[in-house]
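Just below is one structure, and these are the notes that go with it.
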Amino acid sequence: MKKTLFKNSSALLSLMLMSSVSIPAIAQDADDNTDVIYVTGSLIKRPSQENSSSPLNVVTTGDLDAQGLNNVGDLARNMTFNAGAEINTDAFTQNFSTGTSNVNLRNLGLGSTLVLLNGKRQTLSAAYADDGSTFVDTGALMPLIMVDRVETLKDGGSAIYGTDAVSGVVNYITRKNFEGFEIRGGLQQTTSDSQSDYDISAIWGTEAGNGNFVIAGSFLHRTALSAADRPELTSGTGISGSGQPGTIIFRDQIPATDPSQDANLDGRIDLLPIMDPYCGTADLSIQNPLGDPIPTGPTTSITPGSCGFQFDGFYDLVPEDERVQLFTSYDADIGNDMHVYLEAAYSTNKAVRSNAPAFPIASPLPVAVGDGAGAVLPHVPVEIQPLVQSLNLSSVLFVGRALGSNGEPFISNHNNETYRFAGTLDGRVSDTMTWETSVSYSSNTYDINVNDVSRNAYIGALTTGTFNPFGTAWTTHPNSQAALDAIISENTLFGDTSLFTADAHITTELAEIGSSGEMVQLAVGGQYRKSEMNYNWTDGYNGVLGDGSNSVETDINGDPVPFFQGPLAPFNGGNLMFLYGGPDYGGERDVFAGFAELAVPLHETLELQIAARYEDYGDGVNSFDPKFSALWRPNDYLSVRGSYSTAFRAPSIYNTDGVQTSLAEITLGPSSNFIPVTSIGNPDLNPEEAEVINVGFTFRPDDNFRMSMDYWRYDFTNLITQESPQSVLDKALGGNVVAQGKVKLAIANDFSTPYQIITEIINAPSVVTDGFDMSAAYTFDLDLGALTFGAEATYVNKYEGVDQDNVSFEGAGSRNFRTFARSMPEWRANFNVSFSGENHFAHLFLRYIDSYTDDQNDVVVPTYTTVDFQYGYIFGDPDNAPLTATVGVINMFDKDVPRLQTNGGFDSKVHDPRGRMIYMKLSKQF
865 MKKTLFKNSS ALLSLMLMSS VSIPAIAQDA DDNTDVIYVT GSLIKRPSQE
915 NSSSPLNVVT TGDLDAQGLN NVGDLARNMT FNAGAEINTD AFTQNFSTGT
965 SNVNLRNLGL GSTLVLLNGK RQTLSAAYAD DGSTFVDTGA LMPLIMVDRV
1015 ETLKDGGSAI YGTDAVSGVV NYITRKNFEG FEIRGGLQQT TSDSQSDYDI
1065 SAIWGTEAGN GNFVIAGSFL HRTALSAADR PELTSGTGIS GSGQPGTIIF
1115 RDQIPATDPS QDANLDGRID LLPIMDPYCG TADLSIQNPL GDPIPTGPTT
1165 SITPGSCGFQ FDGFYDLVPE DERVQLFTSY DADIGNDMHV YLEAAYSTNK
1215 AVRSNAPAFP IASPLPVAVG DGAGAVLPHV PVEIQPLVQS LNLSSVLFVG
1265 RALGSNGEPF ISNHNNETYR FAGTLDGRVS DTMTWETSVS YSSNTYDINV
1315 NDVSRNAYIG ALTTGTFNPF GTAWTTHPNS QAALDAIISE NTLFGDTSLF
1365 TADAHITTEL AEIGSSGEMV QLAVGGQYRK SEMNYNWTDG YNGVLGDGSN
1415 SVETDINGDP VPFFQGPLAP FNGGNLMFLY GGPDYGGERD VFAGFAELAV
1465 PLHETLELQI AARYEDYGDG VNSFDPKFSA LWRPNDYLSV RGSYSTAFRA
1515 PSIYNTDGVQ TSLAEITLGP SSNFIPVTSI GNPDLNPEEA EVINVGFTFR
1565 PDDNFRMSMD YWRYDFTNLI TQESPQSVLD KALGGNVVAQ GKVKLAIAND
1615 FSTPYQIITE IINAPSVVTD GFDMSAAYTF DLDLGALTFG AEATYVNKYE
1665 GVDQDNVSFE GAGSRNFRTF ARSMPEWRAN FNVSFSGENH FAHLFLRYID
1715 SYTDDQNDVV VPTYTTVDFQ YGYIFGDPDN APLTATVGVI NMFDKDVPRL
1765 QTNGGFDSKV HDPRGRMIYM KLSKQF
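Per the working numbering, residue 865 is the first one in the sequence shown, and the count goes up by one each step.
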């Protein structure tokens, strides 16, 4: 339900001023040698962040500690202006990106937010999102103990930083000048079950020569949270039509009384499913309570029906994760006029995720049941033997799994390794001119191991009779473990990315202007970037031809198998029975850029900034993006800012050359099923462009009170995104001819039988979104310490999108299951009360997420409000190597996340399924 902006914003602003949220942080301290600093979004140094004409949000290491975080990537979870990021692992919508995290400013796409580390670019992760988005893995940047602050530029940054800064920039900045030794340890535990995190980290810094050497490391271990531990959330949300026991399909054997059952016009029913007689009769609860077969039709052996499988309990809501990170830097002066900064980083993590015991056999395959003359093979269930005899059958089709609730979960391993090296050399030519050069190199390797049934091995086992698809553990002919091992193969994706960047720029004062003596300042420079991306699958995924196709069907000996030709031939590509095949691919790109920034003090209270950047990607693709901004400070307590810019994002290598198949939940009528969705890169993509407007003010009458508000607006054209597979199917069902060509059908012209959906990376015609950011804080100075009330909130007024078929939609206040956008509550707010004394400190947070519509099920997801609390005590003198003990609770009242009728049972882009978590932390400085 759309809300009245004036009414809600007035009420919220009043609440912000009365109570509130996160404590606004002060900008970085000035360097020891200068009274000016770099602020994210500018190449010209300034006295403070408040001298910036762009809206900036700053989170310090103290703010991170107050939130009880134990990983850098978790920061985005509490950002009100972040929406649709992938932070909570979801096995059903994040097939490849498990173990990573990212940021999505304004819900404009993971690839539209530029992530910097100490002001320099970082390579994209080799993992990618199901919708084709590529992103920087924020969880792999550095140990949390190394973070000094995180600055977020909340309007477009393309004029300064180039492509990918369309929706804004997030700059993670390290503790370069730390001295001493500090060690931290923490334990976090859910109260409803045994899911836990434990971490240990340390940082050491010392003077070295004319500078500082700092090194930090961390180890984090996260145990798994199984969906079976949250049955109230997940039970019944994952039901497959393919089980074990499975479904027996008679083809062209039973006379057809309804012409719609006879597409091939042979007078017989094309497909008649018969439920396996053992479905629902075996006492499976003794074997595995998580996956009892679910009868979905009559139980008589010759009456149509099917045997389903409840798989949700086998999956992880939180995977097991182990992460090791190292970061080191050296920051020093070289003589009086030069300065050097060097850094190196390493991160590795291994996430282990549970899946169903076996994936379905997606393609119905013939299974021998008799000799065609009345004799029945012994593995055939006795209940259907009379029918096999009477029809003189030689084969039937089987739909099901190699394993169901009589097996252990398949385990997929997601391994991620990241390296980074960077160096900056800068100096001063004169009192009015400085220069800076820098180079950086970062790389990421990502591999995923997952099991599936091998097609050739499965076909060969069916042909030789060494595998019995009817062979559950409760028949007289069960399959041995050796028979199962022979048909199940391990498949691996190897991906690697890298980025090399070289920058150089100079800044100078041009001339004095006006009577105030202010100087016009200029920064001008250039940049070169080289990015590479390569993906290599194992042979089972590539298939016989190496392109993931199924053009050649062979048995276990490599001989052609002609009886799999025709309308019921195996549909999935590669040599797999469920996962869909594809080719290896890769590419590289060289980018050259030139940029300039001009700061013009029109008056002692008014400054105008002009920035522009030109980038050339080769092949005729280039961009020119200007930015105009102004800052008016009529007095010491009020600043008014405004900016207008254009922004640009070139298609990534993955966008143009990638081929990905993932399993997506698709709603068809009253049921939902997993269907392979193949996304195909588009070499003809146009660059994504946007116009960005921001107008705002900050009011700070004294050091104790501060409030700010900004209005922002983004007008996108050619938004780079992937078609929604649900939207493609919906349009095909509605008669759209183009969409119908992208839906592959098991039965010709029957759109209730899709087995694959083809989607493309596309340029959506337009997206226009706007809204407000608001924050306020007030500090009372008491005899015992300081008491601060604070708040921040983001309101999304609209998100008007137009898809490739010129169909309009409103994304604000929607889960956007059927569009290319992501979950987008209209309101998000954080409220905070904090106390800081000499030895005691405490923080209370109230976090609010607005209600929104679940467009998959046409229901309202209710509002969600949680409370976090933290208390800490500093032992000894706070200024002399203290020991600090902290205890806290996240989601204090154990508020259940809203349950959705979707796989997994909740919205992973919005809510955290872990419930109440308590934690303890110790920190010691030496």
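Think of the CB as a built atom: it goes at the ideal place given N, C-alpha and C, for glycine as much as any other residue.
Because the structure is a prediction, the values reported are computed rather than measured.
Contact check, residue 987 vs residue 1361, beta carbons under 7 Å: Cβ distance < 7 Å, so residue 987 and residue 1361 count as in contact.
CB contact check: residue 1477 to chain C, cutoff 7 Å: This model lacks chain C altogether; it includes just one protein chain.
Residue 1047 beta carbon near the ligand GTP (any heavy atom closer than 6 Å): Of the ligands one can find in the structure shown there are none, so the ligand GTP has no counterpart to examine.
Cβ-based neighbour list, residue 890, same chain, cut-off 6 Å, excluding 5 preceding and 5 following: Summary for residue 890: the model assigns pLDDT 30, below 50, so the residue's position carries little reliability; its value from the coordinates is reported in the next sentence. The beta carbon of residue 890 is closer than 6 Å to none in its chain, skipping five residues each way along the sequence.
Residue 1028 vs residue 980 beta-carbon contact at 7 Å: Remark: C-beta atoms of residue 1028 and residue 980 do not approach each other more closely than 7 Å.
Through-space distance from residue 1774 to residue 1657, alpha-carbon basis: Answer to the nearest angstrom: the Cα atoms are 16 Å apart.
Residue 809 to residue 956 span [Cα, whole Å]: What is shown of the chain runs 865 to 1790, which leaves residue 809 out entirely.
For residue 1097 and residue 1784, believed in contact at Cβ under 8 Å, the rounded distance: With 8 Å as the limit, residue 1784 and residue 1097 do not qualify as a contact, their Cβ atoms being about 26 Å apart.
Nearest to residue 1246 (by Cα), restricted to the options 1209, 1341, 1192: Comparing alpha carbon positions, the residue from 1209, 1341, 1192 closest to residue 1246 is 1341.
Residue interval of the alpha helix (DSSP H) (run including residue 1323): For residue 1323, the uninterrupted alpha helix (DSSP H) segment begins and ends at 1319 to 1328.
Closest by C-alpha distance to residue 1352, when choosing among 1329, 1037, 1267: Of 1329, 1037, 1267, the residue nearest in Cα terms is 1267.
Anticipated Cβ contact below 8 Å, residue 1182 with residue 1345, distance rounded: The C-beta distance from residue 1182 to residue 1345 rounds to 30 Å, too long to meet the 8 Å contact threshold.
Three-pair Cβ contact test at 8 Å for the stretch 1669 to 1687 versus the stretch 1705 to 1713: No, because fewer than three Cβ pairs between the stretch 1669 to 1687 and the stretch 1705 to 1713 fall closer than 8 Å, the two stretches do not touch.
Separation of residue 1730 from residue 1777, as counted between CA atoms: Each residue's alpha carbon lies about 12 Å from the other.
Residue(s) in a DSSP beta bridge with residue 1213: Per the DSSP secondary-structure output, residue 1213 pairs in a beta bridge with 1187, 1280.
Classification of residue 1237 by the beta-carbon crowding that lies within 10 angstroms, buried from 16 upward: When all chains shown are included, residue 1237 counts as exposed.
Span of the alpha helix (DSSP H) around residue 1870: A question about residue 1870 goes unanswered here, because the residues of the chain that appear run from 865 up to 1790.
Buried/exposed call for residue 1573, threshold 16 Cβ in 10 Å: Buried.
Spatial distance of residue 1012 from residue 924 (CA atoms): Near 6 Å, if we compare the C-alpha coordinates of residue 924 and residue 1012.
Euclidean distance between Cα positions of residue 1077 and residue 1375: Taking the Cα positions, residue 1077 is about 38 Å away from residue 1375.
Span of the beta strand (DSSP E) around residue 918: Taken as a continuous stretch (DSSP letters only), residue 918 belongs to no beta strand (DSSP E), as it is neither H nor E.
Buried versus exposed call for residue 1434 [16 or more other C-beta atoms within 10 Å across all chains shown]: No answer about residue 1434 holds up, because its pLDDT of 43 lies below 50 and its placement is not dependable.
Buried versus exposed call for residue 1202 [16 or more other C-beta atoms within 10 Å across all chains shown]: Classification of residue 1202: exposed, given that the 10 Å Cβ count is below 16.
Length of the line joining the Cα atoms of residue 1530 and residue 1578: When only Cα atoms are considered, residue 1530 and residue 1578 end up about 31 Å apart.
Under the three-state DSSP convention, the category residue 1225 falls into: Coil.
DSSP state of residue 1142 mapped onto helix, strand, coil: DSSP places residue 1142 in coil when its eight states are reduced to three.
Own chain, CB closer than 6 Å to residue 1505, minus 5 neighbours either side, in chain order: Around residue 1505: 917, 1495, 1560.
Cβ neighbours of residue 1005 in the same chain (closer than 6 Å, five flanking residues each side left out): Excluding sequence neighbours, residue 1005 sits near 936, 981, 1036.
Alpha carbon of residue 1708 to alpha carbon of residue 1659, nearest angstrom: Roughly 22 Å separates the two Cα atoms.
Where residue 1441 falls: helix, strand or coil (DSSP): If DSSP states are grouped into helix, strand and coil, residue 1441 belongs with coil.
When 1472, 1040, 1749, 945 are compared against residue 1842, the one with the closest alpha-carbon: With the chain covering only 865 through 1790, there is no way to say anything about residue 1842.
Spatially closest choice to residue 1643 from 1628, 1698, 1516, by CA coordinates: When the alpha-carbon of residue 1643 is set against those of 1628, 1698, 1516, the nearest one is in 1698.
Inter-residue spacing [alpha-carbon to alpha-carbon] between residue 1649 and residue 1700: Spanning the two alpha carbons is a distance of roughly 5 Å.
Cβ shell of residue 1055 (< 8 Å), same chain only, five flanking positions each side left out: These residues qualify, in order along the chain: 1758, 1779, 1780, 1781, 1782.
N- and C-terminal bounds of the alpha helix (DSSP H) containing residue 1096: Element bounds for residue 1096: 1095 to 1098.
Cβ-Cβ separation, residue 945 to residue 969 (assumed contact under 8 Å), whole Å: Contact flag correct, Cβ pair sits at about 6 Å.
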